[in-house]
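**Student:**
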Amino acid sequence: MEQVYKQLEQQDARLIEIFRREEIDNVETFMEINEQDFKRLNLTTKMIKIVTKIQDQQRNNDKTEEWIEEEKPLHGSNNDNPRSNKTSGVQIIDPDNPYAGINLEQVINIDTVFDKTVEGVQVMEALRENPRPNESILKEINKILCECLRSLYGCRPSNFYKNEIALSLVRTYPSLASNNPGVPQALWFHPNARGTNRHAGRLFYHMEYIARKSDERVVKRRRLDEPSNTDAAPGVSSENSENVDLHELILEVKTMVPKTQMKSRVLELWGKRFSIRQQHRQQGNFYDFIMDFPVFTAFDGEMVTHDFEKLKPDAESFASSWPTLEAKILDRHKECFKEVKTDFVRVVAITRQKNPSRGSKRTNQDETSRKNPLKGIIEWIEAEDNFTAQHPLLPTLYVRGLFLEDSSDCAICWNNLTIPIIKDLKTAFEVFIKCFYAFNVAPAPSDKQFFLFFGSVLGVETLSTTGTKFMHALS
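For the sequence shown, the positions run 228 to 702 when my numbering is used.
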């Protein structure tokens, strides 16, 4: 490190003060400085060039030393180089385990693990080129680390070793750390995240998968069934079995491809996890939770309908109660929105106009609002537009087709979530109303009375004074 300090002193002495303040006092730590550290330390462009230049020089020196060390046995006996002798000895003893000799009793430089295999070297190169890797690189990292744990400690390593290897990864590559300052390794392994609805990290779940594939799982269960001091042993065994089954269920639902022939299996698994989804609804983080389950958007919104029916088991059928009500509204308000040709769209627009929310702040009536009486609730887009390009802050029903007309190409969009519904607009609108209950999201304050009215049509809400007057006028 003294040599590095001398080079820094010749080019920019301010860097020495910065590095000493940050306790960068060895070459290994100096070589780990990356773009994220440059921004954090507020280094100038000139300083960054100086640091990267010295890092490149150090890497070239390391490569030269490695080459010389490899050549030494050619000029002398293996006994002259005890370090080479030790390394070759490990390889001869266990050639099938490249990770032999790695000690995870403390945090290490994770490149020690990556350097053992071809895949690991490729990961190192990818991380140097791009500190923010894509999902495929993250999966490869997870696979390599889990294979290292399995090789060293078996299919069921202790949480201590999982935590140490996760810490080693994020300290060597800070860009792979989580946003949680207290637990930077949380993305890979969270020491305290055991239990329902708590993400334990990539390493934890992949090691569970490896353990299930191995024969050790059967042995573990037999040991748990053995009687202990009290009658609590069977309960413990049952609890562990349920946890394993839960993890299997979660993995299956996450990775399931929602094909038509698998619909019954998807709905069966979806029903088993209702209590977990309900907890996330109550905690207010349902959106973040559901984004991990692509199957939620399948089958024309049937997952939304399933959750709604579980939440509101006494709900009435929209298809049976709506036609009579639609005819009454059209007959009572013949002069409203005569320019709208589709009866259903016209009735929904009339309902919104006749059920305003008193006291709520309304947006300015711009040109777009005048053209679309259902702006913010139902939006029409061009046939060539993509649903995935829409990112509304509240659930919104998008219709691809002619403006203010029916279509069988609809989708419910909410932030980055898109639920395609390849059915008529009336069916899509029914799912749309139900999604506010399934998502546990409140509609816009200016449309509160509107959604209360349709909630009463489904038999799950009580009409307000405004809605009661509107219904009374129909009769």
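Built from N, CA and C at the ideal position, the CB exists for glycine as well.
Tell me whether T399 is buried or exposed, calling it buried when 16 or more other Cβ atoms sit within 10 Å of its Cβ.
**Tutor:** So T399 counts as buried.
**Student:** Between the C-alpha atoms of I295 and N613, what's the straight-line distance to the nearest angstrom?
**Tutor:** With a pLDDT of only 45 at I295, under the threshold of 50, the placement of this residue in the model should not be trusted, and no figure is reported.
**Student:** Output yes if chain B places a C-beta closer than 8 Å to the C-beta of I503; else output no.
**Tutor:** Of the protein chains in the structure, only one exists, and it is not chain B.
**Student:** According to DSSP, what are the bridge partners of Y625?
**Tutor:** For Y625, which the question treats as bridged, DSSP gives the partners E606, A638.
**Student:** With respect to the alpha helix (DSSP H) encompassing P550, which residues constitute its N-terminal and C-terminal limits?
**Tutor:** That run of the alpha helix (DSSP H) goes 545-559.
**Student:** Take Q285 and list the residues in its own chain whose beta-carbon comes closer than 7 Å to its own, dropping the five residues that flank it on each side.
**Tutor:** Hits under 7 Å: V254, M258.
**Student:** Just the Cα atoms here: how many angstroms apart are A413 and V575?
**Tutor:** So the two alpha carbons sit approximately 47 Å from each other.
**Student:** So, helix, strand or coil for R450, using DSSP?
**Tutor:** The pLDDT assigned to R450 is 41, lower than 50, so where the model puts this residue is not dependable, and the model offers no usable value.
**Student:** I need the straight-line Cα distance from N706 to F677, nearest angstrom please.
**Tutor:** Outside the shown range of the chain (228 to 702) lies residue 706, about which nothing can therefore be said.
**Student:** Just the Cα atoms here: how many angstroms apart are R579 and D541?
**Tutor:** Whole-angstrom Cα-Cα distance: 25 Å.
**Student:** Between E367 and V350, how many whole angstroms is the CB-CB distance? I'm expecting something under 8 Å.
**Tutor:** The Cβ separation is near 6 Å, so the contact holds.
**Student:** Determine the burial state of S547: buried for a count of at least 16 other Cβ atoms within 10 Å of its Cβ, exposed for fewer.
**Tutor:** The residue is exposed, with fewer than 16 neighbouring Cβ atoms inside 10 Å.
**Student:** If you check the beta carbons only, do S395 and I437 fall under 8 Å apart?
**Tutor:** Contact flag unset, no.
**Student:** Buried or exposed for P408, please, with buried defined as at least 16 other CB atoms from any protein chain shown within 10 angstroms of its CB.
**Tutor:** Exposed: under 16 other Cβ atoms inside 10 Å.
**Student:** Using the Cα positions of V684 and P401, report the straight-line distance between them to the nearest angstrom.
**Tutor:** Cα-Cα distance, rounded: 54 Å.
**Student:** Per DSSP, L644 forms a beta bridge with which residues?
**Tutor:** Bridge partners of L644: W641.
**Student:** Could you check what DSSP says for H618 in three-state terms: helix, strand or coil?
**Tutor:** H618: coil per DSSP, three-state reduction.
**Student:** Hey, I605 and V531: beta-carbon distance below 8 Å or not?
**Tutor:** No, the pair does not count as a contact, with Cβ atoms beyond the cut-off.
**Student:** Taking L631 as the reference, give the member of F659, V567, E362, E495 with the closest Cα.
**Tutor:** Considering only alpha carbons, the answer is V567.
**Student:** Pull up the distance between the alpha-carbon of T344 and that of S378, whole angstroms please.
**Tutor:** Rounded to the nearest angstrom, the two C-alpha atoms are 13 Å apart.
**Student:** Within 10 angstroms of its Cβ, does N456 collect 16 or more other Cβ (buried), or is it exposed?
**Tutor:** At N456 the pLDDT is 44, less than 50, meaning the model places this residue with poor confidence; the figure from the coordinates comes in the next sentence. By the 10 Å Cβ count, N456 comes out exposed.
**Student:** Do you know offhand how far G428's Cα is from D519's?
**Tutor:** Spanning the two alpha carbons is a distance of roughly 14 Å.
**Student:** Look at the alpha carbon of I649 and the alpha carbon of T487, and state the distance between them as a whole number of angstroms.
**Tutor:** Taking the straight line from one Cα to the other gives about 14 Å.
**Student:** Give the single residue among G328, V334, N357, N369 whose Cα lies nearest to the Cα of E346.
**Tutor:** If we check each option's Cα against that of E346, N369 comes out closest.
**Student:** In whole angstroms, what separates the C-alpha of K565 from that of S544?
**Tutor:** The straight-line gap from Cα to Cα measures roughly 28 Å.
**Student:** For C375 versus I329, is the C-beta distance shorter than 8 Å?
**Tutor:** For C375 and I329, yes; Cβs fall inside 8 Å.
**Student:** Quick test of the definition: if touching needs 3 or more C-beta pairs under 8 Å, does the segment 654-663 touch the segment 497-515?
**Tutor:** No contact exists between the segment 654-663 and the segment 497-515.
**Student:** Compute the Euclidean distance between the alpha carbons of V572 and L403, then round it to the nearest angstrom.
**Tutor:** Those two C-alpha atoms are separated by around 49 Å.
**Student:** Taking buried to mean at least 16 other C-beta atoms within 10 Å of its own C-beta, is D252 buried or exposed?
**Tutor:** Exposed, by the Cβ-count rule.
**Student:** May I ask you to report which of helix, strand or coil DSSP gives N386?
**Tutor:** It is helical.
**Student:** Mind checking whether R627 and I639 have CB atoms under 8 Å apart?
**Tutor:** No, they are not a contact pair.
**Student:** Nearest to S634 by alpha carbon, out of L624, M698, P600?
**Tutor:** Among L624, M698, P600, the Cα nearest to that of S634 belongs to L624.
**Student:** With distances taken Cα to Cα, identify the nearest neighbour of R526 among N599, L496, Y380, K490.
**Tutor:** Reading off the sequence shown, one finds Phe at residue 526, where the question assumed Arg. Measuring from the Cα of F526, the nearest candidate turns out to be K490.
**Student:** Less than 8 Å between the beta carbons of E244 and L268, yes or no?
**Tutor:** Cβ atoms of E244 and L268: not closer than 8 Å.
**Student:** Can you tell me whether R504 is buried or exposed? The criterion is at least 16 other CB atoms within 10 Å of its CB, across all chains shown.
**Tutor:** Buried, because 16 or more other Cβ atoms sit within 10 Å of the Cβ of R504.
**Student:** Among residues of its own chain, excluding the 5 on either side of N324, which ones have a beta-carbon nearer than 6 Å to its beta-carbon?
**Tutor:** Cβ within range, chain order: S378.
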